[in-house]
Each structure stands twice: as C-alpha cells, then as structure tokens.
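Single-structure report; data block below.
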Amino acid sequence: MLEVTRFAPSPTGWLHLGHAYAALFAHDAAVGGRFLIRLEDIDGTRARPEYEEAIFEDLAWLGLTWERPVRRQSDHFDDYRTALAKLEARGVLYPCFCTRREIQEEIARAGNAPQGPDGPLYPGTCRNRSANERAERIAAGEAYALRLDVAKAVTLVSKQLTWKDRDRGSFTTRPDVFGDVVLARKDTPASYHLAVVVDDALQGITLVTRGEDLLEATHLHRLLQELLDLPVPEWHHHRLITDETGKRLAKRDDARSLRSLRAAGWTPERVKEAMR
C-alpha cells in the first residue's frame, strides 16, 4: 500500500529544525506514495503571507517536492461548518459562554480539578444550561464557544475505540482525556482538533505523522472520526527536536530557524545531520 502523508505547518512564524525533521519524516514515510503540504492558517490574526512563502522556500531548499494545489484551511471553512452541523444534529455540542477568567475561577473554587494534557479540564459550567437560556444568550449576541459533550459522545458511540501508532502499537481510546474540548468559536468555525480530523479525511491521509507531543490528542481525534463517520488512518508520533537544555524548539527562537541557518551558510545536508 502506498501511503498518503502530510506536513501541516501554521504560517505564524519561521520554520525551525523541528519543523524540518517533521517534514522530512512525513516525506520519507510516504515511500513512493503521496506527500502533501497543508497550511493550518485558521488563526487569521497570526497567519501571514510572508511566513507562508517562507515555508515553501524552506521546504524546497531541503529538497522536498509536494503535490499542488496546497490546501489552506482558511479556504475551507464550509467543510468545518458541515462537520459541526453533523455533530450538532447528533446532540453532542453545546454553547459555552464562559470566559477564560470565569473558567479559571471555577476551577480554583473546585479545588482538585481533573487534569488533562493542557492543564485543568473545563468544569462543565455551561453543559447543563437550558435550551431557552442558550438561545436567549446567543440571540443577545454573547460570545460563545462550541464544546464537545464527551459523556454524550461516548454514550452515542457505545463501543470501545482503538487506534494504532506504528512505533508504540495499539491504543484503547480514552475519549475524555481533554474533557469537553472547544471545537469552534462564534467567529472561527473550527479548532485545531476538528480541522485536522476533517482535513485528514478529505485529503485521504493514510498515515498521520506528527510529534509525540500530540499523541494524547489522538484519543480525541479518534472519537471525532467515529462521530463523523470518517475513515481511520494510522499514526506515527515521532520524537521532538530539542535544544541543548532539552526544551522543545519554538518559532520564537529565530537562531534555529531554517532561514537563519541558511543565511549562516548551512546546507540541507548539515541540517539533516544536526537532526540525527
């Protein structure tokens, strides 16, 4: 079977060595199949054209080629709205009117709040609001997010889900790992979690390669795939490239950006050697 893989950067900064490793990993995993680039530019406040152009320049410099046209999330908001409508029809979404501060205060009052990969889980403040209250607050123009009612979703699925990582083996899904996660906001039709699941399905991705920091997210993504009747790929969560202190590289670290390394005289071969 020829694999379909993808590298999906966000054009919100310069690519660094960690991105280079992820791109090369996905490219090599395609082993004669199809390698795609996807721009995760759903955050319109941070995505910039100059970063997008730099992504293509850096990847070409590394010697990579990819299929065109490139999928840009900002061109496909209707795909995410369709997925949200399906989830809403299944009764697993609810509007959340809580601000970040209100959530933090509620968590503080609760004491030992359950923890997820990103910190304390949302305490479910808006989960049981009445339909009338929800409608009135939306009609009044209040800002809100759409959250996944995980308990309802698990009941609806009514079976144990599994997924496979090619490096770590098979997993039994823990769908509540992120709690009632945000899937969209009033002015943005998808969060990362929803968009990546929809995009991978529409692009026919058979092998999702990404950093091991996203392994926990796969439990949630597997649940969303089941709710949306989407095909299930396999995953390979690879190691992260870190600095000399063991800290994961970040876009704000310009010294390790590919453009800075190229300007300093690095070659693609030296980049690849530095990641071994």
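Read the sequence shown against the numbering used here and you will find it ends at 975, with the numbers running on by one and no gaps. Glycine residues also receive a C-beta, built at the ideal position from the N, C-alpha and C atoms.
Next on the checklist: Can you look up Asp-778 in the DSSP assignment and give me helix, strand or coil?
Outcome noted: helix
Checklist entry - With respect to the beta strand (DSSP E) encompassing Val-907, which residues constitute its N-terminal and C-terminal limits? => result Going by DSSP, Val-907 is part of the beta strand (DSSP E) stretching over 906-910.
Checklist entry - Are the beta-carbon atoms of Phe-734 and Thr-908 separated by less than 8 Å? => result no
Item to check | Runs of alpha helix (DSSP H) wholly within the stretch 838-880 (minimum 4 residues, chain order) | outcome: 849-856
Checklist entry - Is it right to say Arg-770 is buried, meaning 16 or more other beta carbons lie within 10 angstroms of its own, or is it exposed? => result Within 10 angstroms of the beta-carbon of Arg-770 lie 16 or more other beta-carbons, which makes it buried.
Checklist entry - Does the stretch 844-854 come close enough to the stretch 788-808 that 3 or more CB-CB pairs lie under 8 Å? => result yes
Next on the checklist: Taking the straight line between their C-alpha atoms, what separation do you get for Gln-814 and Leu-820?
Outcome noted: 6 Å
Checklist entry - For Ala-746, which residues from the same chain have a beta carbon less than 6 Å from its beta carbon, with the 5 sequence-adjacent residues on both sides left out? => result Pro-710, Thr-711 and Asp-740
Item to check | Rounded separation between Asp-778 and Gly-903 - CA only | outcome: 15 Å
Item to check | Segment limits, alpha helix (DSSP H) that includes Thr-917 | outcome: 916-926
Next on the checklist: Extract the residue ranges of the alpha helix (DSSP H) inside the stretch 758-839, only unbroken runs of 4 or more that lie entirely within it.
Outcome noted: 776-788, 799-809 and 830-838
Next on the checklist: Please classify Thr-941 as buried or exposed, where buried requires at least 16 neighbouring CB atoms within 10 angstroms.
Outcome noted: exposed
Next on the checklist: Between Glu-751, Asp-886, Arg-938 and Glu-835, which has its C-alpha nearest Asp-737's C-alpha?
Outcome noted: It is worth fixing the name first, because residue 737 is Arg in this sequence and not Asp. Comparing C-alpha distances from Arg-737 to each of Glu-751, Asp-886, Arg-938 and Glu-835 shows the shortest one belongs to Glu-751.
Item to check | Limits of the unbroken alpha helix (DSSP H) element including Leu-735 | outcome: Element bounds for Leu-735: not the alpha helix (DSSP H) but the beta strand (DSSP E), 733-738.
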